[in-house]
Every structure is written in C-alpha cells, then in structure tokens.
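> Here the protein sequences line up with chains A and B, keeping their order. My numbering puts the first residue of the first sequence at 1, with every later residue one more than the last. My numbering puts the first residue of the second sequence at 1001, with every later residue one more than the last.
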Amino acid sequence: MDKSIISVVGKDTTGIIARVCTYLAENKINILDISQTIVQDYFTMMMIVDTSLLSKPFSEMVRELESVGEDMGVQVKCQREEIFERMHRI
Amino acid sequence: MININEVLETNKMVEEETLDVRTITMGINLLECADSDLNTCCNKIYDKITSLAKKLVATGEDISREIGIPIVNKRVSVTPVSLVGGACCKTPDDYVIIAKTLDRAAKDLGINFLGGYSAVVSKGMTRSDELLIRSIPQAMKETERICSSVNVGSTKTGINMDAVRLMGQIIKETAEATKEKDSLGCGKLVVLCNAPDDNPFMAGAFHGVSEDDAIINVGVSGPGVVHHVLKEIRGASFEVLCETIKRTAFKITRVGQYVAQEASRRLGVPFGIIDLSLAPTPAVGDSVADILCEIGLEHPGAPGTTAALALLNDQVKKGGVMASSYVGGLSGAFIPVSEDQGMIDAVSCGALTLEKLEAMTCVCSVGLDMIAIPGETPASTISGIIADEAAIGMINQKTTAVRIIPVIGKSIGETVEFGGLLGYAPVMPVNKYSCEAFINRTGRIPAPIHSFKN
C-alpha cells in the first residue's frame, strides 16, 4: 500500500468529484476514503488513495492532477500521506 | 487516520505562511583529492563533487513535488579547502584556481551555493591556511557561487588574534575586489568562532574532518508559520506562548526530518543532521523580526529584545529536538539584517543598532549577519568587531559569526542592494573610536576557564 492524500479546494461546481475520480480510475489509483465539507463557501474535499499500481512517475501524476483542477477552477493537490503523519502525529 | 483539517493546516502553512525546507546540503569529503599537482587536484575535486551530487537537485525537486512543500535550496559543502590544497598550492593564485574549479562544479550541478572555501585556524595558521585566506578577495571576485568561511577561535583553544587581525584586512580587500557589485563578496564570507562541522547553511557551511565521506544535512525554516500561530494567541501568558512555539517548531522540524531521510535513501548517502533554524528571507511574511514584534516589541532593538529572542530560540530548540533524532548545525533563530524585512525596517527607523545586535547574538544562533557598514571603516575596527563576537562565542560555548559588509563608496543611511536571497540593507553606523593598538598585539587570547561561571 502506497498511501497519498488528494485535496481539492475551490469554488463549488458540478462534476468536481467525477472529474477527479475519472482521472484516478484511468491511472489505477484506488480510493480508500473520501471526506468532504464546505468551509466558508469553499468546496473542500480530501481523499486517501493508494498509488501502488500507478505506472507513471509520482511527480507526473501530481502535475496532471493539478491541471485537472485548473480546468475546473479548483486547486487539486496530491501529497504523500507520510508527510502529514510526520507533522501531526508523535 | 489523517483528517481534513490537518491536511488543510499543512497546506495553509505552505501557501500563506511561507513554510519551506530551506536547504538540502550534501557534505562531501575532499581529503582524498589532495595531490602535489594542481591540475590533478582540481580534476579530482570536480569529478568527486559532480559524481556524488549528480542527482542532488533532481532528487530535491522530486521530493518537493511529492510532499507539496518547497525545498528552496540544494547545496554542497566540502572539506575546508585549505586542507585539500596544501600539497599543491604555492601561492594565493593557486587557491583561486581551486575556487574556480568549485564554482564550475556548482554551476554544472545547478546549485546556487557551494560552501567550504574555508580554513580552520582557531589556534594557529599553517602556511596553507594563510595562503587560502589571502586568496579569498580574488576568489570572491572571480567566482559566483562559492562561500568562504574562516574559524578563528573556539572555547577549547581561545581566539587566534593573528587570524582576527588578518580577517579584518581580508574583509576590506574583498569589499574592494567586489566593489562594482556593492561589495557583494563579503556577503559570501563569514568569520566564525566554534564553527560546527555539519552546518548546512551558507555562508558558514563546510564538511568537517569528523564527518563521513558524504552526508545529507537539512536546514529547516518557517518564521512565517511561527509568526502566524502567535497572532492567534496574542496577549497570552508566557506558558501558552512557549508551548505554541514548541508545537510549531515540532511540526516544521518533522518536515525536515522526513525530507532528510528521503533524500538520504534516494541518493544513497547517510543522513547527518537536521539544523533547526528559523531562517528569514527578504520575502514578506518570512521574518524573525515579525515574530519578535508579535511577542510584544514595537521593533526589534527595543528593551526586552534580548529576552524575547532568548525565549524564542530556546523554544524552537525544545520543540525541534523532540522531532528529530539528530540535531546539529547552528540550530536557532537567525537574525541577519539584509535578509529580513522587519530587521531592515528596525535599522532604518533607528530602533536597532550594531551594539544591540551584538547583545542579541549572545542568546541566539550565529551572530552579526549581513550587516552593511560604511566602506571607510578601518580594518582594525572590523577585526575588533570580529574579536568581540568571537569572545561571546568562546565564553558562552556557542557558535558565533561575523558576516559584515564594508560597502565601498557608501556611507551611513545609504542603502545597498545585494539581490536575491541576500536582500538589501541600510548602511549602519559603527562606533568610531579606535581599537588599533589592541588588534595590533600578536598571538592569541587564551582559552577560558570552565569554572567560576559568573
């Protein structure tokens, strides 16, 4: 298991989850958990995904996801889960 | 399981509070490159650096992308060059050729600074050390990315006052040699006391002789993050203040620890240390001075500044030590003038003087850093400033340093622009009374007694 966190922040619009999930499916990235909330009118979503079957370099996938987000006017980030574990857990 | 708020908090630190990892510095041992032929020595140096650090920049960029946190600088530090060039350098000009070789290696690797054009002369100077020191002005003129440092004292050995006297002259000569660029050469030259062997930060970085063949050291930063969290607890007690700084330092350091371990694994080079430092940059919101103001000072330099800085420095260490198994380097708050907008403002409005900065260096990491002074300041006065800082370091068993720029052709109140990470600075007044007779004495100041601490 190779866990990463995808976060999406931006103005709410139709199809955000669909577009992101389509990209993930095409790249064999499995979604383990999704949570979503609206913070100050902003759509905020977090996914925990498994990238162990990903066939391209991680940084390329990060760039592609960013541009999927840019098309919809939202910010999409994908970061290794470990960095959050390190920062927020003793 | 990580929750959404923790993810948002981390990303906000990066986007709004300038959280970054300041540097991944690869330390490289060059002792085996020594040779009696200068050309052979240079070739060995170039080959060793460029092969070991070949993937340093690319690896740093990959890690940065994968964790979504900027890694600003990728750098190299090498064995003090005076130890490597001793066998082949007969004149200062020979050392300049090594400096140019290092500069070429730095350019080809795509790194912005390479440190270690250094000599460690805390007790005495060998012929090789002296040749290197005398080559510094020309080396700084003819290179772009080389950082130079000279360690002139330590708690165990005392202060080599012959080296202190020489460094006053060398700083003046370096300022003169680089006067077309506002004496920028002095921004890449630092005089230290108790220099650590594993410092990843420039200009004082070198790869000490106590180190592995190659090592990865990481310098973390994040003054903006600390400033931001302190805004949220304005007016709280010292207990809450300290606790908040510690928690934040912990989080920042954990990022550095992760980056260091990943870089070490991917490059196949052992992990050395994390340097827990609050290192400001000229960018708005990336300032140690802002933190001091948030703690409760109108400007750094106001009464209370030394206490506030002592508190800040200590909490950063306490939080950071918990977050990493190996802490080293300089580890503390940096207080450069030209690289910190809040410090520049404090000097410009008259709140912060050279003397107060000296007092501040007693309680935080390093020393008088990136301070512009009038170009006509005598060499003996610069030596006097170095001796004062070295004495603070020697007596208090801490690292101290002087990176001071006598800007040729500029006087008090004028501004000097260094550009990039080095920022800009107002030229500060220096006490005009002479210490020449003191500096002209030869020999060294003995090591201090380690008892009767008063």
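Beta carbons are placed, not taken as given, at the ideal position from N, Cα and C, and that holds for glycine.
For the pair the stretch 1180-1200 of chain B and the stretch 1400-1410 of chain B, tell me if three or more CB-CB distances fall below 8 Å.
They touch, by the three-pair rule.
> Could you tell me the alpha carbon to alpha carbon distance between Leu1352/B and Val1316/B, rounded to whole angstroms?
Here residue 1352/B refers to the residue found at position 352 of the second sequence. Here residue 1316/B refers to the residue found at position 316 of the second sequence. Rounded to the nearest angstrom, the two C-alpha atoms are 23 Å apart.
> Since Leu1278/B and Ala1333/B are thought to touch, with beta carbons under 8 Å apart, how far apart are those beta carbons, to the nearest angstrom?
The residue you call residue 1278/B lines up with position 278 of the second sequence. The residue you call residue 1333/B lines up with position 333 of the second sequence. Between Ala1333/B and Leu1278/B the Cβ distance is about 4 Å, and since that is below 8 Å, they are a contact.
> Is the shortest distance between the beta-carbon of Phe43/A and the beta-carbons of chain B less than 8 Å?
One-based indexing of the first sequence puts residue 43/A at position 43. Taking Cβ atoms only, chain B never reaches closer than 8 Å to Phe43/A, which makes this a no.
> Inspect the beta-carbon positions of Gly1115/B and Asp1198/B and report whether they are closer than 8 Å.
Taking the second sequence and counting its residues from 1, the one referred to as residue 1115/B is at position 115. Taking the second sequence and counting its residues from 1, the one referred to as residue 1198/B is at position 198. Not closer than 8 Å, so no.
> Indicate whether at least one CB of chain B lies closer than 8 Å to the CB of Ile83/A.
By 1-based counting over the first sequence, the position of residue 83/A is 83. Judged by the 8 Å Cβ criterion, Ile83/A is in contact with chain B.
> Do the CB positions of Leu1131/B and Thr1091/B come within less than 8 Å of each other?
Position 131 of the second sequence holds residue 1131/B. Position 91 of the second sequence holds residue 1091/B. Yes. Within cutoff.
> Mind checking which residues open and close the alpha helix (DSSP H) that includes Gln1341/B?
Start at 1 with the first residue of the second sequence, and residue 1341/B comes out as number 341. Start and end: Gln1341 to Ser1348.
> Among Leu24/A, Lys28/A and Met72/A, which one has its Cα closest to the Cα of Gly15/A?
Along the first sequence, one-based indexing puts residue 15/A at 15. Nearest C-alpha to Gly15/A: Met72/A.
> Contact criterion: CB-CB distance below 8 Å. Does Ser52/A meet it with respect to chain B?
On the first sequence, position 52 is the one that residue 52/A refers to. It does not; no Cβ of chain B falls within 8 Å.
> Between Ala1283/B and the rest of its own chain, which residues show a CB-CB distance below 7 Å, the 5 nearest in sequence each way excluded?
Locating residue 1283/B in the second sequence gives position 283, where the first residue counts as 1. Contacts found: Thr1018.
> Kindly indicate if chain B contains any beta-carbon less than 8 Å away from that of Val76/A.
The residue labelled residue 76/A in the question sits at position 76 within the first sequence. No, Val76/A does not count as interfacial toward chain B.
> Name the residue from Ala1105/B, Ile1098/B and Met1343/B whose alpha carbon lies nearest to the alpha carbon of Leu1292/B.
Working through the second sequence from its first residue, we reach residue 1292/B at position 292. Nearest option by C-alpha distance: Met1343/B.
> Spell out whether any CB of chain B is found under 8 Å from the CB atom of Ser59/A.
As a first step, residue 59/A must be located in the first sequence, where it is residue number 59. Closer than 8 Å: yes.
> Would you say Ile5/A reaches chain B, if we count a Cβ-Cβ gap shorter than 8 Å as a contact?
Taking the first sequence and counting its residues from 1, one reaches residue 5/A at position 5. Yes - at least one Cβ of chain B is within 8 Å of the one on Ile5/A.
> Bridge partners for Ala998/B per DSSP, in chain order?
Because chain B in this structure spans residues 1001 to 1454, residue 998/B falls outside the shown range and cannot be described.
> Identify whether Leu53/A lies in helix, strand or coil by the three-state DSSP scheme.
For this step, residue 53/A is matched to residue 53 along the first sequence. Leu53/A falls in the coil class under three-state DSSP.
> If we ignore side chains and look at the alpha-carbon of each, how far apart do Asp1093/B and Ser1221/B end up?
The count along the second sequence starts at 1 and reaches residue 1093/B at position 93. The count along the second sequence starts at 1 and reaches residue 1221/B at position 221. Those two C-alpha atoms are separated by around 37 Å.
> Would you mind stating whether Val68/A and Val9/A have Cβ atoms separated by less than 8 Å?
As a first step, residue 68/A must be located in the first sequence, where it is residue number 68. As a first step, residue 9/A must be located in the first sequence, where it is residue number 9. Contact flag unset, no.
> On the three-state DSSP scale, how would you describe Ile1159/B?
Locating residue 1159/B in the second sequence gives position 159, counting from the first residue. Strand, per DSSP.
> Interface residues of chain B around Ser35/A at Cβ under 7 Å?
By one-based count along the first sequence, residue 35/A stands at place 35. The contacting residues are Ile1004.
> Which residues of chain A have a Cβ atom closer than 8 Å to the Cβ of Gln1257/B, listed in chain order?
In the second sequence, the residue the question calls residue 1257/B occupies position 257. What Gln1257/B touches in chain A: Arg86.
> Say whether chain B places a C-beta atom closer than 8 Å to the C-beta of Gln40/A.
Counted from its first residue, the first sequence places residue 40/A at position 40. Judged by the 8 Å Cβ criterion, Gln40/A is not in contact with chain B.
> Suppose the cutoff is 7 Å on Cβ atoms and the five residues either side in sequence are ignored; what does the same chain contact list for Thr1174/B look like?
As a position in the second sequence, residue 1174/B is number 174, starting the count at 1. Result list for Thr1174/B: Ile1136, Pro1137, Met1140, Gly1185, Cys1186 and Leu1189, in chain order.
> Within this structure, are the beta carbons of Ile1133/B and Leu1166/B separated by less than 8 Å?
On the second sequence, residue 1133/B is found 133 positions in, with the first residue counted as 1. On the second sequence, residue 1166/B is found 166 positions in, with the first residue counted as 1. Yes, Cβ-Cβ distance for Ile1133/B and Leu1166/B is below 8 Å.
> Taking 8 Å as the cut-off, decide whether the C-beta atoms of Asp1426/B and Ser1348/B are in contact.
Against the second sequence, residue 1426/B aligns to sequence position 426. Against the second sequence, residue 1348/B aligns to sequence position 348. As written in the sequence, residue 1426/B is Pro, which differs from the Asp given in the question. Yes, these two residues count as a Cβ contact at 8 Å.
> Please report the distance separating the alpha-carbon of Pro1448/B from that of Ala1401/B.
Position 448 of the second sequence holds residue 1448/B. Position 401 of the second sequence holds residue 1401/B. One C-alpha to the other measures close to 18 Å.
> Between Gly1110/B and chain A, is any beta-carbon pair separated by less than 8 Å?
Here residue 1110/B is taken as the residue at index 110 of the second sequence, counted from 1. So, not an interface residue.
> Would you report the Cα separation of Ser1082/B and Val1121/B, rounded to the nearest angstrom?
As a position in the second sequence, residue 1082/B is number 82, starting the count at 1. As a position in the second sequence, residue 1121/B is number 121, starting the count at 1. One C-alpha to the other measures close to 10 Å.
> For a quick check, are the C-beta atoms of Val1218/B and Gly1268/B less than 8 Å apart?
Taking the second sequence and counting its residues from 1, the one referred to as residue 1218/B is at position 218. Taking the second sequence and counting its residues from 1, the one referred to as residue 1268/B is at position 268. No.
> With a threshold of 8 Å between beta carbons, is Met72/A in contact with chain B?
The residue you call residue 72/A lines up with position 72 of the first sequence. Cβ-Cβ to chain B under 8 Å: no for Met72/A.
> My output table needs one value for Thr1442/B: the three-state DSSP class, helix, strand or coil.
Numbered from 1 along the second sequence, position 442 holds the residue referred to as residue 1442/B. Reduced to three states, the DSSP call for Thr1442/B is coil.
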